[in-house]
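Count along the sequence shown starting at 1, add 9, and that's the number in this note's numbering. Glycine is no exception: its CB is placed at the ideal position from the N, C-alpha and C atoms. Source: prediction; values computed, not measured. One structure is given here, and the rest of the page talks about it.
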Amino acid sequence: MVLVSLLLHLLGVVLILEPAELDPALKRLRRAHGQLAAVIRMIEEGRDCKDIVTQLSACSSALDRAGFTIITTGLQKCMSQENPDREADFAALEKLFLSLA
């Protein structure tokens, strides 16, 4: 939560996301963590490059989806709040979103 709050704050968005709101992203990050551990193990075991790249691709996708999930959660929260700086918040969140694309 601190990291997400900090990233959004650095972009000019003051938005605090609760741990429960980030549960789907945390699940994806845990999955990516396991996939990355598998990639490391496969490299250490000298496994086939095709298998390693396939697993690495899955890990990369999981990380991307976690990022998109965090930004989507932020957008939903931003839309539900009354905020005079709402347009600036949307612009900052859009910039974050595009940085993942």
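The DSSP-derived three-state label of Gly83 is helix. Residues Ala71 of the same chain have their beta carbon placed closer than 6 Å to that of Arg40, with the five preceding and five following residues left out of the count. Assignment of Leu26 by DSSP, reduced to helix, strand and coil, places it in the coil class. Taking C-alpha positions only, Ala67 is separated from Gln44 by approximately 7 Å. The C-beta separation of Pro33 from Thr78 comes to about 5 Å, placing the pair in contact by the 8 Å criterion.
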